[in-house]
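K.L.:
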Amino acid sequence: MRTPILKRIDGGAPRDEIAFQLDGRACTALEGDTVLTALLTLGQRLRESDFSPLPRAGFCLMGACQDCWVQLESGERLRACTTPLVPGMHVRTGTRR
Amino acid sequence: MTGKRFVIVGAGPAGMRAAERLVAAGERPVVVDEAERFGGQIYRQPPEAMQRERRDLYGFEAGRASAVLDRFEALREHVDYRPATLVWQVEANTLQLLHAGRTRTLPFDALILATGATDRVLPFPGWTLPGVYTLGAAQVALKFQATLIGPRVVFAGTGPLLYLVAWQYASHGGQVAAVLDSAPLSAKLRAVPGMLARPAVAAKGAYFLARLRLKGVPVHGGVTLLRAEGGERVTALTWLAQGATHTTDCDAIGFGHGLRSETQLADLAGCAFDWNEIDHAWLPTRDAAGRSSVPGVYLAGDGAGILGADAAELSGASAAQAALDDLHAAPSSLSRSRERAGVRVPAMQPHLAFRRALETAFALPPRWAAEASDDLIVCRCEEITAGELRACVRDTGARELNRLKALTRIGMGRCQGRMCAPAATRLLAHATGCALKDVGRLRGQAPVKPLPVALLHDAAPSTLVPEDEDD
Chain Z
17 MRTPILKRID GGAPRDEIAF QLDGRACTAL EGDTVLTALL TLGQRLRESD
67 FSPLPRAGFC LMGACQDCWV QLESGERLRA CTTPLVPGMH VRTGTRR
Chain C
-2 MTGKRFVIVG AGPAGMRAAE RLVAAGERPV VVDEAERFGG QIYRQPPEAM
48 QRERRDLYGF EAGRASAVLD RFEALREHVD YRPATLVWQV EANTLQLLHA
98 GRTRTLPFDA LILATGATDR VLPFPGWTLP GVYTLGAAQV ALKFQATLIG
148 PRVVFAGTGP LLYLVAWQYA SHGGQVAAVL DSAPLSAKLR AVPGMLARPA
198 VAAKGAYFLA RLRLKGVPVH GGVTLLRAEG GERVTALTWL AQGATHTTDC
248 DAIGFGHGLR SETQLADLAG CAFDWNEIDH AWLPTRDAAG RSSVPGVYLA
298 GDGAGILGAD AAELSGASAA QAALDDLHAA PSSLSRSRER AGVRVPAMQP
348 HLAFRRALET AFALPPRWAA EASDDLIVCR CEEITAGELR ACVRDTGARE
398 LNRLKALTRI GMGRCQGRMC APAATRLLAH ATGCALKDVG RLRGQAPVKP
448 LPVALLHDAA PSTLVPEDED D
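So the protein lines, in turn, are chains Z and C.
In case it helps, the working numbering puts the first sequence at residues 17 to 113.
In case it helps, the working numbering puts the second sequence at residues -2 to 468.
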């Protein structure tokens, strides 16, 4: 089994679920999640490197390193660590199938 | 009131205190901040939907965080607060902003830059693998998103954040597989006299270390990071200490080597820079009150030099006062007020003494550039290696960082050198036999962060949305 990168901690008020799509699969994350948190509590990558087939999963998490840009199905690109997840988003991680 | 427009960039401790001082003087400052909520990185607040206790979020700093955050919250109706807004250019007393996919201009009479800092990173092989993050990122994951960068984490590098983050993870259910300090643990003892300038802060550091040891976390000093292991993600860290090689299994690595100031906007504003021996970096020149070399531009907080959150509060208030003094003063007395500011601010002295001691306790690995292998990726944006930089120096005689950038694209990727500049500077200095200060610094370029190209078309001067039409 592929363990996700990020692990949620216990505690805090209960949060509503948000439905979205990841590489064509229906998924859920939690209200208040960034796109990065949503993707990396479910999986292991955000995208492939621009210069090699190696996976990337962000680095600074504060909008400085620009490592976590992902693409939506619509073609729009966004920085995953600073963008709140929105219901119905369809994110592609660039995983080739 | 002066009838002048004061603009503060950044809503961390420095920016929030600057706003407070301006409001107290009857001004209504504009506060532009990239984050959705104020607080900066140190007092970063989770999204509204995620209700968490401040004690849980900020630990020992909860009281301080509450004081600063509550004070700014109370100011809100007196401040033109613009969250989720990027300043991407400063030119001719005007800021270019990006908010919700639209650009705007914002002219100012006084600009207070409180742009903060990011981790200073000296990379090691495998640092681009999923699961390897900065120490700051490990903290953001916890404070802002209630997540750990992994269930079993190695914290590495050096700096006070190393022990703080490790302790935060250990006390939030994370398994800390090891704390690997590149500085020798004996250096902490040598720094004790200087650290007594701020005994309470030094005591917290000692407490974190003691608690980690009590929990059985292995803590090692004098460590060289050899490589992060793994294919699709990190699975272990291999490291060297006292001549022996070790491999520690882990799911994640948090690392960093202190902090580096975000100086791009000061650079674009035309501020002069000086070499700073403590930060080992070129920093915007400022007088004791926070005036830059450019009239009307002021500097505060870690964005102007790394002194920490408490000093940032002092320098934010001080910079705001300097701006008030200058704008209230008649033009003829402006030079006099500049002279007056040459006097040192006594309250900053313990912070400066403490900062020097931290540099002793958490010195950067002195042989990093000499030991970096040729295949080490230095630029994670475009995967440029140490070997490519060395070959460029050898083949072209490049001796200056912007020249190296032109020839190799180092610092030209999407992060614009934020992640690679400390490493590239050291490799260049080592390869040329120059001092760090003599290889220069990367020049700031607008836009300071990536913008959609369609917006640049919108931002052509003839089509800019005037500030007055703001809704």
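Ideal Cβ positions, reconstructed from N, Cα and C, are used throughout, including at glycine.
(1) Contact criterion: CB-CB distance below 8 Å. Does glycine 110 of chain Z meet it with respect to chain C?
(2) Listed from N- to C-terminal order along the chain, which residues in the region 25 to 48 of chain Z have their beta-carbon within a distance smaller than 9 Å of any beta-carbon of chain C?
(3) Answer with yes or no whether the minimum CB distance from leucine 145 of chain C to chain Z is below 8 Å.
(4) Roughly how many whole angstroms lie between the Cα atoms of glycine 110 of chain Z and alanine 111 of chain C?
(5) Pick from C:Asp271, C:Cys268, C:Cys412, C:Thr115: whose alpha carbon is nearest that of valine 375 of chain C?
(6) Roughly how many angstroms lie between the CA atoms of valine 216 of chain C and leucine 433 of chain C, to the nearest whole one?
(7) With 8 Å as the threshold, decide whether the Cβ of arginine 63 of chain Z is near any Cβ in chain C.
(8) Could you tell me if glycine 430 of chain C is buried or exposed, where buried requires 16 or more neighbouring beta carbons within 10 angstroms of its beta carbon?
(9) Over the uninterrupted beta strand (DSSP E) stretch that includes asparagine 273 of chain C, give me the two end residues.
(10) My parser needs the alpha helix (DSSP H) runs of 4 or more residues fully inside the region 45 to 112 of chain Z; what are they?
(11) What residues from the region 400 to 412 of chain C come within 7 Å of chain Z, judged by C-beta to C-beta, listed N to C?
(12) Report, in whole angstroms, the separation of the C-beta atoms of alanine 107 of chain C and lysine 212 of chain C, which I expect to be a contact under 8 Å.
(13) Rounded to a whole number of angstroms, what is the C-alpha to C-alpha distance between leucine 46 of chain Z and threonine 82 of chain C?
(14) Hey, leucine 56 of chain Z and cysteine 43 of chain Z are a contact pair by Cβ (cut 8 Å); roughly how many whole angstroms apart?
(15) For the region 75 to 89 of chain Z, which residues have a beta carbon sitting closer than 7 Å to at least one beta carbon of chain C?
(16) Residues of chain Z with CB under 9 Å from aspartate 248 of chain C, in chain order?
(17) Tell me whether phenylalanine 36 of chain Z sits in a helix, a strand or coil according to DSSP, three-state version.
(18) Measure the Cβ-Cβ separation of isoleucine 109 of chain C and alanine 316 of chain C and say whether it is below 8 Å.
(19) Could you tell me if leucine 186 of chain C is buried or exposed, where buried requires 16 or more neighbouring beta carbons within 10 angstroms of its beta carbon?
(20) Below 8 Å CB to CB, which residues in the same chain sit around arginine 18 of chain Z once its five sequence neighbours on both sides are set aside?
(21) Let me know the secondary structure DSSP gives alanine 15 of chain C once reduced to three states.
(22) Any chance you could list the beta strand (DSSP E) runs of at least 3 consecutive residues sitting entirely within the region 174 to 231 of chain C, in chain order?
(23) Measure the CB-CB distance between alanine 418 of chain C and glutamine 86 of chain C and report whether it falls below 8 Å.
(24) Determine the closest residue to arginine 470 of chain C out of C:Gly251, C:Thr235, C:His427, C:Gly298, with distance taken between C-alpha atoms.
(25) Listing by chain order, which chain C residues have their CB less than 7 Å from the CB of proline 103 of chain Z?
(26) Taking buried to mean at least 16 other C-beta atoms within 10 Å of its own C-beta, is glutamate 89 of chain Z buried or exposed?
(27) Taking Cβ to Cβ, would you say arginine 230 of chain C is nearer than 8 Å to glycine 123 of chain C?
(28) Assign proline 127 of chain C to buried or exposed, taking buried as 16 or more other Cβ atoms, counted over all protein chains shown, within 10 Å of its Cβ.
(29) I need the DSSP call for arginine 335 of chain C, collapsed to helix, strand or coil.
(30) Could you check whether threonine 235 of chain C and threonine 244 of chain C sit closer than 8 Å to each other, using their CB atoms as the reference points?
(31) Assuming alanine 278 of chain C and glycine 9 of chain C form a contact by the criterion Cβ under 8 Å, report the distance between their Cβ atoms to the nearest whole angstrom.
(32) DSSP on cysteine 389 of chain C, reduced to helix/strand/coil?
(33) When the Cβ atoms of the region 86 to 101 of chain C are set against those of the region 41 to 54 of chain C, are three or more pairs found closer than 8 Å?
(34) When DSSP labels each residue in this structure, what does histidine 254 of chain C get in the three-state scheme?
(35) Could you spell out where the alpha helix (DSSP H) holding glutamine 136 of chain C opens and where it closes?
(36) In the DSSP assignment, find the alpha helix (DSSP H) that holds tyrosine 160 of chain C and state where it starts and stops.
P.N.:
Based on what the coordinates show:
(1) Residue-level contact by beta carbon fails for glycine 110 of chain Z and chain C, as no gap is shorter than 8 Å.
(2) Cβ contacts with chain C: Ile25, Asp26, Gly27, Gly28, Ala29, Arg31, Asp32, Leu46, Glu47, Gly48.
(3) Yes, leucine 145 of chain C lies at the interface with chain Z (some Cβ there is under 8 Å from its Cβ).
(4) Straight through space, the alpha carbons of alanine 111 of chain C and glycine 110 of chain Z are spaced by roughly 37 Å.
(5) Out of C:Asp271, C:Cys268, C:Cys412, C:Thr115, C:Cys412 has the C-alpha closest to the C-alpha of valine 375 of chain C.
(6) Cα to Cα, the separation comes out at about 31 Å.
(7) No - not a single Cβ of chain C is within 8 Å of the one on arginine 63 of chain Z.
(8) Using a 10 angstroms sphere on the CB of glycine 430 of chain C, the tally of other CB atoms stays under 16, which defines it as exposed.
(9) Note, asparagine 273 of chain C: beta strand (DSSP E), 270 to 273.
(10) Correct list: 51 to 56.
(11) Listed by position, the residues of the region 400 to 412 of chain C near chain Z (Cβ gap below 7 Å) are Arg411, Cys412.
(12) About 49 Å separates the beta carbon of alanine 107 of chain C from that of lysine 212 of chain C, a gap too long to meet the 8 Å contact definition.
(13) So the two alpha carbons sit approximately 24 Å from each other.
(14) Taking 8 Å as the upper bound for CB-CB distance, leucine 56 of chain Z and cysteine 43 of chain Z are not in contact here, some 12 Å apart.
(15) Only Phe75, Cys76, Leu77, Met78, Gly79, Ala80, Cys81, Gln82, Asp83 from the region 75 to 89 of chain Z bring a Cβ to less than 7 Å from some Cβ of chain C.
(16) The contact set of aspartate 248 of chain C on chain Z, defined by CB atoms closer than 9 Å, consists of Thr19, Ile21, Lys23 in chain order.
(17) In the three-state DSSP reduction, phenylalanine 36 of chain Z falls in the strand class (E or B).
(18) In contact: isoleucine 109 of chain C and alanine 316 of chain C (Cβ atoms closer than 8 Å).
(19) Result: exposed.
(20) Same-chain partners within the cutoff: Gly59, Gln60.
(21) Three-state DSSP puts alanine 15 of chain C in a helix.
(22) Taking 3 residues as the shortest admissible run, the region 174 to 231 of chain C contains the following complete beta strand (DSSP E) segments, listed from N- to C-terminal end: 221 to 226.
(23) For alanine 418 of chain C and glutamine 86 of chain C, no; Cβs fall outside 8 Å.
(24) Because residue 470 of chain C is not part of the residues shown, which for chain C are -2 to 468, the question remains open.
(25) The contacting residues do not exist; proline 103 of chain Z stays about 13 Å from chain C at best.
(26) Classification for glutamate 89 of chain Z: exposed.
(27) No. Outside cutoff.
(28) Buried, by the Cβ-count rule.
(29) Note that arginine 335 of chain C scores a pLDDT of 49, beneath 50, so its modelled location is shaky; the value from the coordinates is reported in the next line. Three-state result, arginine 335 of chain C: helix.
(30) Yes; because the gap between Cβ atoms is below 8 Å, this pair is in contact.
(31) Between glycine 9 of chain C and alanine 278 of chain C the Cβ distance is about 19 Å, and since that is not below 8 Å, they are no contact.
(32) Note: cysteine 389 of chain C maps to helix in three-state DSSP.
(33) By the criterion of at least three beta-carbon pairs nearer than 8 Å, the region 86 to 101 of chain C is not in contact with the region 41 to 54 of chain C.
(34) Histidine 254 of chain C falls in the strand class under three-state DSSP.
(35) In this chain, the alpha helix (DSSP H) harbouring glutamine 136 of chain C covers 132 to 142.
(36) 157 to 167 is the span of the alpha helix (DSSP H), which, as asked, contains tyrosine 160 of chain C.
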